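Residue numbers (the working numbering): 5 to 309. All residues carry an ideal CB built from backbone N, CA and C; glycine is no exception. Please read all numbers here as calculations on a predicted model, not as lab measurements.
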């Protein structure tokens with residue numbers, strides 16, 4: 005798979021003009037499984053270190069994290085959405101954070117403009133899961149659909165979880181707003197949603213792969229074959245440091261930490277053994293790269309180094 009990384013200007017389209025002057029965007033692109041793949045940025049999150057590392061053995065943690073030169077107070081993981089297009093379809097994996105989640109996120113429309121894609125041109129939006137930085141971007145400030153012509157796709161387990169009225173009471177106080185926000189946005193797209201299960205072909209050449217743990221119904225997606233196979237992993241492997249170096253350790257970002265760790269280990273084993281490309285939502289360098297074994301764990305090798 006040939007990977008390209010280029011810098012382009014966004015701001016010429018109507019959507020981008022609303023956000024101000026021209027901005028430069030780095031786009032990572034590749035050809036795979038009959039599609040052109042483009043990594044489009046939605047900005048980044050800003051989260052305290054404790055969100056990732058609380059409750060872990062601090063002495064060993066410091067040794068593991070030393071090579072990564074992470075900030076001492078807050079981390080700013082990138083948000084990389086995957087855009088696939090061919091002659092018939094323009095497929096977006098997840099919808100970004102939109103305007104209501106976090107000031108540092110929500111720049112998806114500018115990135116799409118840089119890639120030459122209008123919101124109206126998107127034919128399909130496929131969700132990995134229902135967390136705000138993946139779902140809330142389906143609606144704009146006026147609660148209108150951002151992608152008005154799209155068909156939406158979400159795993160049945162994930163859909164049922166976020167649509168269950170009991171979720172707001174069982175998810176925990178720290179994530180209660182996630183449940184309220186998800187329910188409102190899923191109600192807005194209910195008439196346009198197709199559901200799927202593990203192993204289903206969601207769209208031509210795109211196979212659903214259960215990767216539960218980060219959320220109860222988190223899904224990844226496999227496309228291509230052989231040396232060009234790619235896994236769109238969402239948040240199943242949620243960072244480039246601890247998730248690779250110690251995949252069996254609990255992650256504060258996972259709703260079910262034990263199951264999340266099991267899923268992470270299984271995916272990393274397969275990605276390393278079969279040399280499948282990985283597209284990760286919160287991984288650096290546009291999110292696209294390979295997995296290599298290193299010591300007790302693994303490392304992420306970005307394609308756009």
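Would you kindly work out how many angstroms separate the C-alpha atoms of residue 57 and residue 115, rounded to a whole number?
Along the chain shown, one-based indexing puts residue 57 at 53. Along the chain shown, one-based indexing puts residue 115 at 111. Near 31 Å, if we compare the C-alpha coordinates of residue 115 and residue 57.
Shortest alpha-carbon distance to residue 87 belongs to which of 102, 54 and 45?
Here residue 87 refers to the residue found at position 83 when the chain shown is read from its first residue. Among 102, 54 and 45, the Cα nearest to that of residue 87 belongs to 45.
Could you check if residue 99 is buried or exposed, using at least 16 other CB atoms within 10 Å of its CB as the buried criterion?
Position 95 of the chain shown, counted from the first residue, corresponds to residue 99. So residue 99 counts as buried.
Distance check for residue 288 and residue 108, CA to CA, integer angstroms please.
In the chain shown, the residue the question calls residue 108 occupies position 104. In the chain shown, the residue the question calls residue 288 occupies position 284. In a straight line, the C-alpha of residue 108 is about 16 Å away from that of residue 288.
Kindly indicate which three-state DSSP category residue 45 falls into: helix, strand or coil?
Along the chain shown, read from residue 1 onward, the residue named residue 45 stands at position 41. Strand, per DSSP.
Please classify residue 146: is it buried, with 16 or more other beta-carbons within 10 angstroms of its beta-carbon, or exposed?
Against the chain shown, residue 146 aligns to sequence position 142. So residue 146 counts as exposed.
Please work out which residues of its chain come closer than 8 Å, Cβ to Cβ, to residue 19, disregarding the five sequence neighbours upstream and downstream, and give them in chain order.
By one-based count along the chain shown, residue 19 stands at place 15. Low confidence applies here, because residue 19 scores a pLDDT of 46, under 50, leaving its location unreliable; read the following figure in that light. Counting only Cβ-Cβ distances below 8 Å, and skipping sequence neighbours, we find 113, 114, 116, 117, 122 and 123.
Here's the rule I'm using: 16 or more other beta-carbon atoms within 10 Å means buried, otherwise exposed. How should residue 68 be labelled?
Walking along the chain shown from the start, residue 68 turns up at place 64. So residue 68 ends up on the buried side.
Which residues in the same chain as residue 297 place their Cβ atom closer than 6 Å to its Cβ, once the five residues preceding and following it in sequence are excluded?
Translated into positions along the chain shown, residue 297 becomes position 293. Correct list, in chain order: 276.
Distance check for residue 40 and residue 61, CA to CA, integer angstroms please.
Position 57 of the chain shown, counted from the first residue, corresponds to residue 61. Position 36 of the chain shown, counted from the first residue, corresponds to residue 40. Answer to the nearest angstrom: the Cα atoms are 43 Å apart.
Assuming residue 239 contacts residue 199 under a Cβ cut-off of 8 Å, what Cβ separation, rounded to an integer in Å, is found between them?
In the chain shown, the residue the question calls residue 239 occupies position 235. In the chain shown, the residue the question calls residue 199 occupies position 195. Not a contact, Cβ separation roughly 20 Å.
Determine the contact status of residue 241 and residue 268, defining contact as a CB-CB distance below 7 Å.
Residue mapping note: residue 241 aligns to position 237 of the chain shown, counting from 1. Residue mapping note: residue 268 aligns to position 264 of the chain shown, counting from 1. In this structure, residue 268 lies closer than 7 Å to residue 241 by Cβ.
Kindly indicate the opening and closing residues of the beta strand (DSSP E) around residue 67.
The residue given as residue 67 occupies position 63 in the chain shown. That residue, residue 67, is in no beta strand (DSSP E); its alpha helix (DSSP H) goes 62-69.
Is it buried or exposed for residue 97, if we count other Cβ within 10 angstroms and need 16 for buried?
In the chain shown, counting from the first residue as 1, residue 97 sits at position 93. Buried, because 16 or more other Cβ atoms sit within 10 Å of the Cβ of residue 97.
Identify whether residue 197 lies in helix, strand or coil by the three-state DSSP scheme.
Translated into positions along the chain shown, residue 197 becomes position 193. Residue 197: strand per DSSP, three-state reduction.
Is DSSP giving residue 304 helix, strand or coil here?
Along the chain shown, one-based indexing puts residue 304 at 300. Correct three-state label for residue 304: strand.
If I measure Cβ to Cβ from residue 85 and keep anything under 7 Å in the same chain, skipping five residues before and after, which residues do I get?
Within the chain shown, numbered from 1, the residue matching residue 85 stands at position 81. Answer for residue 85: 44, 46, 96, 97, 98, 100 and 112, listed in chain order.
Locate the beta strand (DSSP E) running through residue 4, then write down its first and last residues.
Since the first and last residues shown for the chain are 5 and 309, residue 4 lies out of range.
Could you give the residue range of the alpha helix (DSSP H) that holds residue 118?
Position 114 of the chain shown, counting from 1, holds the residue named residue 118. Element bounds for residue 118: 112-118.
In angstroms, rounded to a whole number, what distance separates the CA positions of residue 258 and residue 90?
The count along the chain shown starts at 1 and reaches residue 258 at position 254. The count along the chain shown starts at 1 and reaches residue 90 at position 86. So the alpha carbons of these two residues sit roughly 34 Å apart.
Going by alpha carbons, who is nearest to residue 229 out of 279, 175, 131 and 42?
Here residue 229 corresponds to residue number 225 of the chain shown, with the count starting at 1. Looking at the Cα atoms, 279 is the closest of the given residues.
With a threshold of 7 Å on Cβ separation, who are the neighbours of residue 250 within its own chain once the five nearest residues in sequence on each side are excluded?
For the purposes of this step, residue 250 is taken as residue 246 along the chain shown, with counting starting at 1. Closer than 7 Å at the Cβ level, and outside the excluded window around residue 250, lie 68 and 301.
With distances taken Cα to Cα, identify the nearest neighbour of residue 55 among 195, 212, 256 and 221.
For the purposes of this step, residue 55 is taken as residue 51 along the chain shown, with counting starting at 1. Of 195, 212, 256 and 221, the residue nearest in Cα terms is 256.
What does the alpha-carbon distance come out to for the pair residue 299 and residue 265?
Sequence index remark: in the chain shown, residue 299 carries index 295 (1-based). Sequence index remark: in the chain shown, residue 265 carries index 261 (1-based). The straight-line gap from Cα to Cα measures roughly 18 Å.
Once you ignore the five residues that flank residue 304 on each side, which residues in its own chain have a CB closer than 7 Å to its CB?
Residue 304 sits at position 300 when you count from the first residue of the chain shown. Once the five neighbours on either side are set aside, the close Cβ partners of residue 304 are 244, 248, 287, 293 and 295.
Give the DSSP-derived three-state secondary structure of residue 284 in the structure shown.
Working through the chain shown from its first residue, we reach residue 284 at position 280. Three-state result, residue 284: strand.
Roughly how many whole angstroms lie between the Cα atoms of residue 139 and residue 131?
For the purposes of this step, residue 139 is identified with residue 135 of the chain shown, where counting begins at 1. For the purposes of this step, residue 131 is identified with residue 127 of the chain shown, where counting begins at 1. Those two C-alpha atoms are separated by around 7 Å.
Our contact map puts residue 232 next to residue 37 with C-beta atoms below 8 Å; I'd like the distance itself, whole angstroms only.
Within the chain shown, residue 232 is the residue found at index 228, counting from 1. Within the chain shown, residue 37 is the residue found at index 33, counting from 1. With 8 Å as the limit, residue 232 and residue 37 qualify as a contact, their Cβ atoms being about 7 Å apart.
Assuming residue 172 and residue 151 make a contact with CB atoms under 8 Å, what is their CB distance in whole Å?
Sequence index remark: in the chain shown, residue 172 carries index 168 (1-based). Sequence index remark: in the chain shown, residue 151 carries index 147 (1-based). Rounded, the Cβ-Cβ distance is 26 Å, inconsistent with contact.
Return the CA-CA distance between residue 78 and residue 209, expressed in angstroms with no decimal places.
As a working note, residue 78 is residue 74 in the chain shown. As a working note, residue 209 is residue 205 in the chain shown. Roughly 39 Å separates the two Cα atoms.
According to DSSP, residue 51 sits in a beta bridge with which residue or residues?
Position 47 of the chain shown, counted from the start, is the residue given in the question as residue 51. Bridge partners of residue 51: 79.
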